[in-house]
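Trainee: I am attaching a structure below and will ask some questions about it afterwards.
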Amino acid sequence: MKSPPDSWWISFTYDADNDIVDAAFRDVILENDDDVLCWRREVERRFQRYGRPVDLIINLDGLIVKPSAARTFGAHRAEVLSEHTRVSFRFNGNPQTRTSIYTSAVIHGADANIYESREDALKALLAHRAAGVLPPRSPLGPSSQRGGPAASQRSPMPASQRTPSSTG
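Shown next as structure tokens:
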């Protein structure tokens, strides 16, 4: 199994005020299937600490998906989001990575909303929540229970339109 390069930096930070998880990346360059599988293992390892599907905001800066890895990334991205998130919103990102995300949304049905800033992504997530589209759940914390809504209970986000910390 491939280990992540030393240059990779992946951070998942819990925002208790908004009950969301922020994901950020630096120098995570996916060029082939092995890179994608390594990315998936690293991301899933970070999701495990939350014990339930989360609402996610992703800063795409620092995550580079090369065309040679786009197909595999799209399939794995969709599976990871389906298993570990209730909804996801993203911002920033280079054109190559954005194209990969939009393509996987069409092929696999994964969320593909990309905003210009974290503030815009957060505003959209909170509006989505306020519209009652998401099922209620307990905030993350020491008393969180493992589990969460089943994939069939999660509301899919229609295909349309980030705060780093060190990893542990």
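The sequence shown begins at -9 in the working numbering and counts up one residue at a time. Where is the CB? At the ideal position from N, CA and C, for every residue including glycine.
#1: Within 10 angstroms of the Cβ of residue 128, are there 16 or more other Cβ atoms? Answer buried if so, exposed if not.
#2: Is the CB-CB distance between residue -3 and residue 14 below 7 Å?
#3: By DSSP, does residue -2 sit in helix, in strand, or in coil?
#4: May I ask you to check if the CB of residue 118 is nearer than 6 Å to at least one heavy atom of the ligand NAD?
#5: Pick out whichever of 120, 85, 7, 29 has its Cα sitting closest to the Cα of residue 65.
#6: Which class does residue -7 belong to by DSSP, given the choice of helix, strand or coil?
Mentor: A quick look at the data gives this:
#1: Note that residue 128 scores a pLDDT of 45, beneath 50, so its modelled location is shaky; the value from the coordinates is reported in the next line. By the neighbour-count rule (16 or more Cβ atoms within 10 Å), residue 128 is not buried but exposed.
#2: no
#3: coil
#4: The ligand NAD is absent from the structure shown, which contains no ligands of any kind.
#5: Considering only alpha carbons, the answer is 29.
#6: coil
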